[in-house]
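Student: Structure in structure tokens, see below.
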Amino acid sequence: MALRAALRNKCGLSGLLSQRSSCSSHGRVCVSPVLVAQQRNNSTSPKIDVEFDQSTGVAVMRMQSPPVNSLSLDFLTEFCIGVEKLEMDKGCRGLIITSNQPKVFSAGLDIMEMYGKSPERCGEFWRAVQEMWLKLYSSNMVTIAAINGSSPAGGCLMSMTCDYRIMADNPRYSIGLNETQLGIVAPFWFKDTMVNTVGHRTTEMALELGLLYNPSEALKIGLVDQLVPEDQVLTTAAQAMTKWLAIPDHARQITKSMMRKPTVDKLTSNREADIQNFVSFITKDSIQKSLRMYLEMLKKRRA
Amino acid sequence: MALRAALRNKCGLSGLLSQRSSCSSHGRVCVSPVLVAQQRNNSTSPKIDVEFDQSTGVAVMRMQSPPVNSLSLDFLTEFCIGVEKLEMDKGCRGLIITSNQPKVFSAGLDIMEMYGKSPERCGEFWRAVQEMWLKLYSSNMVTIAAINGSSPAGGCLMSMTCDYRIMADNPRYSIGLNETQLGIVAPFWFKDTMVNTVGHRTTEMALELGLLYNPSEALKIGLVDQLVPEDQVLTTAAQAMTKWLAIPDHARQITKSMMRKPTVDKLTSNREADIQNFVSFITKDSIQKSLRMYLEMLKKRRA
Amino acid sequence: MALRAALRNKCGLSGLLSQRSSCSSHGRVCVSPVLVAQQRNNSTSPKIDVEFDQSTGVAVMRMQSPPVNSLSLDFLTEFCIGVEKLEMDKGCRGLIITSNQPKVFSAGLDIMEMYGKSPERCGEFWRAVQEMWLKLYSSNMVTIAAINGSSPAGGCLMSMTCDYRIMADNPRYSIGLNETQLGIVAPFWFKDTMVNTVGHRTTEMALELGLLYNPSEALKIGLVDQLVPEDQVLTTAAQAMTKWLAIPDHARQITKSMMRKPTVDKLTSNREADIQNFVSFITKDSIQKSLRMYLEMLKKRRA
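Chains as they are written, first to last, in the working numbering: chain A, 589 to 891; chain B, 589 to 891; chain C, 589 to 891.
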């Protein structure tokens, strides 16, 4: 499988450091000497920094793929490897996912993976999106999203797979599955995940209108569980993790599986059809045209 | 099919105008010269006025069957024809449903269609109720209920099929599926629609007790989405429609279908059994007796 | 069947009175002369007092198994017999369940039935727990929980099976399915019942963390329907019952069955597998160890 092959070829520490240098060159110093020392034995990669504290059993994954942590095939591959490694480590009981990029948790699926690509490549990309969701939604670890920036589309999906969501209380940030605004459609398992989180009617409105919610609205509908000032997102996540880890793992894991297995099984047993469906939809002329217009709009906005 | 046959024999403009005269004779002038001119090319019928604005792509259906827009077989037949015509018109993207009768959106299923009728006639009636629900709940158009009056039972069902519900903030109005109060039972697809709107527990209480909610309560439980002063219901619906129509049709339609298809399929594949079930229930002596008592109570109240 | 056999051998009035004496010896006088006189013709048993008022059609079941109404095999057997007798009595339309023990509604499943017992005995116990749930969740009577004390685990389950829940507004009381806190797992039908009551996401958090809610929190998430001062719980239940009984029985019963039958059928058709599952889980060394530690902790707390 592609992911396992990638696992074997994963980038080493030097890759991390060069990435981290480029990160600090954006005016934010991400790496303290202590962290670098700690991370010698950690799984790391250019796009994601994994810091695992064996004393607490908690890992923190920091997404650091400039500028907005887009979920490209490369990103997703590294992300899944990181999660898989932690999942297989019996000492790792909890995972906090956060962002090292300013103002954004993750901007969601990388549109460049969907625009002008071959059907094969689109299919490979979609399989990686599925894999990310499958791994997170059925993780045996306690997973907490420390949402320290905007989190549209795939970023919202990633957040919703977690057991608990803490968001920075900054009204400029937003979260939601806004696919229809781009003329594309959130697939059934995005929808199922949202229904499981905020219920049927809220999901119906949210998906049909492609709604993005500010933090207060997201809290009100239950899309996130807690709002804190931006500089407290990670410490609050660590505190919440302590509470979750007080529950015996086996009882919590069986319970989590009972809640989520039907939803997971639905994708697992329809995985190839879902890929076919995505590929045939995204490679349509009309959809490619929509994406081109969106990309041109983005370009103009930057200029 | 009965509906298509009726479509061919639909009433012309003269029917509309005589109906409209009787409408204005109740003290409300419904027809401005401008509207009459606009409607020359519109589908109209005595019980429902359809006004389609090609420039906006939005149609407004005004129910105008005195005194309370009861959903009789004739009413439902005309209603479904109206919806079907708009659905087939590619230029029509949105539908606003409202009432021309004072104080009531729709009083729901016409009890006279259920009392003292032959099983065949009851079955034909029930098929028309199903058809109304199927057409609205799976409509490709954006559907908005502009609920400018009370909306019990079938009126509530009609409202719940829409994508968005705006209700007049008049505490004397109420909305809900109050069937059990009359000794009858909302069928499974009424129930499914309500569960999809307000969730399982609220539906359980609402249906078992036959609860009618005032506008504030209805907003609180999510049975309606927005309250506005009575004279702003229609303009607010038009504004909301603009927001909904900003989303690309194909993405919104696929999403809507994804949310609602399982519920629609459930009735489609159980349609004949559901008719049989209704007919055998409603023609029971005990139920007919309940209905007679209810009708006598209504008579006394009027006298 | 075990329950029917037990029904034939049910305890008589003398059993009740000795039980009641021990109850009043705890400083609360439970039996007024009037009540004793009334109860001559009532079904009673040592652990549960059933008072049926034929004039109103409403029965009140008072759980009185010191100290905390633990759901032992004996308790459940008597409880189910009581419910079955009322269910078969056409004159009985409503059932109020409450506690005669101070500060607690029911502490839930009796841990002594799960600790150090043979697989056969564990299986018999679990079948009785299933029976209690099946009888209550599918009861044709209106069932109201008058929750006048804490109601963890099985106590919460029993409350959730009712049509309506009124809780004493005492912040020292709590309610919830806290199984994971003891290292055990609420089975799928506990989960289904909670999802039907408070929705998927709230259930997910509640079950994974084994959350106990104080009355205000329970009201907020919809785990209970109403809070009143402790001394008004029973009178409020009686008033609520009047409202529920105003609805024609047949319409309410069909509606209730429509809402709950899928959930009931799921256990009915998986009953033996669920028992096997419980027995093999609970007799595991690791689980027995967890229970022993919990029991020792309880002992120390009392000492």
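Where a beta carbon is used, it is the ideal one built from N, C-alpha and C, also for glycine.
Note that the coordinates shown come from a computational prediction; the quantities given were computed from them, not determined experimentally.
Assign C:Glu860 to one of two classes, buried (16 or more other C-beta atoms within 10 Å of its C-beta) or exposed (fewer than that).
Tutor: Exposed is the call here.
Student: Determine the chain C residues that contact A:Pro850 at a beta-carbon separation under 8 angstroms, and present them in chain order.
Tutor: Ordered by position in chain C, no residue passes the 8 angstroms Cβ test against A:Pro850, which lies about 10 angstroms from the chain.
Student: Is the shortest distance between the beta-carbon of C:Tyr801 and the beta-carbons of chain B less than 9 angstroms?
Tutor: No, because no Cβ of chain B sits closer than 9 angstroms to the Cβ of C:Tyr801.
Student: Can you tell me whether B:Pro759 is buried or exposed? The criterion is at least 16 other CB atoms within 10 Å of its CB, across all chains shown.
Tutor: With fewer than 16 Cβ atoms within 10 Å of its Cβ, B:Pro759 is classed as exposed.
Student: How many Å lie between B:Met881 and B:Leu799 at the Cα?
Tutor: The alpha-carbon atoms of B:Met881 and B:Leu799 are separated by roughly 20 angstroms.
Student: Give the DSSP bridge partners of B:Gln814, in chain order.
Tutor: DSSP output for B:Gln814 lists B:Ile754 as bridge partner(s).
Student: Does the Cβ of B:Asp780 have 16 or more other Cβ atoms within 10 Å, making it buried, or fewer, making it exposed?
Tutor: Classification for B:Asp780: buried.
Student: Where do the N-terminal and C-terminal ends of the alpha helix (DSSP H) with C:Ala716 fall, by residue?
Tutor: Taken as a continuous stretch (DSSP letters only), the alpha helix (DSSP H) holding C:Ala716 covers Pro707 to Tyr725.
Student: What residues in the segment 741-773 of chain B have a beta carbon less than 9 angstroms from any beta carbon of chain C?
Tutor: Taking 9 angstroms as the Cβ-Cβ cut-off against chain C, the residues of the segment 741-773 of chain B that qualify are Glu767, Thr768, Gln769, Leu770, Gly771, Ile772 and Val773.
Student: Could you give the uninterrupted runs of the beta strand (DSSP E) lying entirely in the segment 787-832 of chain A, keeping only those of 3 residues or more?
Tutor: Runs found: 814-816.
Student: Looking at the secondary structure, which residues open and close the alpha helix (DSSP H) in which B:Gly696 lies?
Tutor: Segment: none, B:Gly696 is in no alpha helix (DSSP H) and carries neither H nor E.
Student: Just checking my contact of A:Glu767 with A:Ala733 at CB under 8 angstroms: how many whole Å lie between their CB atoms?
Tutor: Not quite, the Cβ-Cβ distance comes to about 19 angstroms (not below 8 angstroms), so this is no contact.
Student: With A:Ala839 and C:Gly771 assumed to form a contact (beta carbons below 8 angstroms), what rounded beta-carbon distance in angstroms separates them?
Tutor: 5 angstroms between Cβ atoms; contact.
Student: Examine chain C for any beta-carbon lying closer than 9 angstroms to the beta-carbon of A:Val786, and answer yes or no.
Tutor: Yes, because at least one Cβ of chain C sits closer than 9 angstroms to the Cβ of A:Val786.
Student: Going by C-alpha distance, which of C:Ala806, C:Met885, C:Asp873 and C:Lys723 is nearest C:Ser762?
Tutor: Considering only alpha carbons, the answer is C:Ala806.
Student: Give me, in chain order, the residues of the same chain whose beta-carbon lies closer than 6 angstroms to that of A:Ile684; leave out the 5 immediate sequence neighbours on both sides.
Tutor: If we look at A:Ile684 and ignore the five residues flanking it on each side, its Cβ neighbours are Val648, Ile732, Ala734 and Ala825.
Student: Around the Cβ of C:Met746, are there at least 16 other Cβ atoms within 10 angstroms (buried) or fewer (exposed)?
Tutor: It is buried - the Cβ of C:Met746 has at least 16 other Cβ atoms within 10 Å.
Student: Any contact of the segment 675-689 of chain A with the segment 641-660 of chain A, i.e. 3+ C-beta pairs under 8 angstroms?
Tutor: Output reads yes: the segment 641-660 of chain A touches the segment 675-689 of chain A.
Student: How would you call C:Gly679, buried or exposed, if buried means at least 16 neighbouring beta carbons within 10 angstroms?
Tutor: Label assigned to C:Gly679: exposed.
Student: For B:Val617, count neighbouring Cβ atoms within 10 angstroms of its own Cβ and tell me buried if that reaches 16, exposed if not.
Tutor: Any answer about B:Val617 is weak, because its pLDDT of 27 lies below 50 and its placement is not dependable; what the coordinates show is given next. Exposed is the call here.
Student: Which same chain residues end up closer than 6 angstroms to C:Ser874 when comparing Cβ atoms and leaving out the 5 residues on each side of it in sequence?
Tutor: Closer than 6 angstroms at the Cβ level, and outside the excluded window around C:Ser874, lies no residue.
Student: Anything in chain B within Cβ reach of C:Lys844, meaning under 7 angstroms, just list it in chain order.
Tutor: Correct list: Glu796.
Student: According to the neighbour-count rule (16 or more other Cβ atoms, all chains shown, within 10 Å of its Cβ), is A:Arg890 buried or exposed?
Tutor: A:Arg890 is exposed by the Cβ-count criterion.
Student: What's the C-alpha gap between B:Arg764 and B:Tyr752?
Tutor: Checking the sequence, you will find Gly at residue 764 of chain B rather than Arg. About 16 angstroms.
Student: Between which two residues does the beta strand (DSSP E) containing A:Ile684 stretch?
Tutor: Gly682 to Ser687 is the extent of the beta strand (DSSP E) around A:Ile684.
Student: So if DSSP puts A:Thr856 in a beta bridge, which residue, or which two residues, is it bridged to?
Tutor: Its beta-bridge partners do not exist; DSSP assigns none.
Student: Roughly how many angstroms lie between the CA atoms of C:Gly670 and A:Val773, to the nearest whole one?
Tutor: Between C:Gly670 and A:Val773, the C-alpha separation is close to 54 angstroms.
Student: Quick check on A:Gly743: does DSSP put it in helix, strand or coil?
Tutor: The answer is helix: DSSP assigns A:Gly743 an H, G or I state.
Student: By DSSP, does C:Ala733 sit in helix, in strand, or in coil?
Tutor: Note: C:Ala733 maps to strand in three-state DSSP.
Student: DSSP state of C:Gln649, grouped into three classes?
Tutor: Note that residue 649 of chain C is Met in the sequence shown, not Gln. Note: C:Met649 maps to strand in three-state DSSP.
Student: Let me make sure I understand the geometry here. Which of B:Met651, B:Pro634 and B:Gln718 has the alpha-carbon closest to that of B:Phe778?
Tutor: B:Phe778 has its Cα closest to that of B:Gln718, out of B:Met651, B:Pro634 and B:Gln718.
Student: Less than 9 angstroms between the beta carbons of A:Gly704 and A:Arg681, yes or no?
Tutor: No. Outside cutoff.
Student: Under 6 angstroms Cβ to Cβ from B:Met755, same chain only, skipping five residues before and after it: list those, please.
Tutor: Counting only Cβ-Cβ distances below 6 angstroms, and skipping sequence neighbours, we find Ile735, Pro803, Val812 and Leu815.
Student: Which stretch, first to last residue, makes up the alpha helix (DSSP H) that contains B:Asp873?
Tutor: Here the alpha helix (DSSP H) through B:Asp873 covers Asp873 to Arg890.
Student: Leaving out five residues on either side along the sequence, give the residues of the same chain with a beta carbon under 6 angstroms from the beta carbon of B:Gln769.
Tutor: So the qualifying residues of the chain are Gly798.
Student: I need the DSSP call for A:Phe869, collapsed to helix, strand or coil.
Tutor: The answer is helix: DSSP assigns A:Phe869 an H, G or I state.
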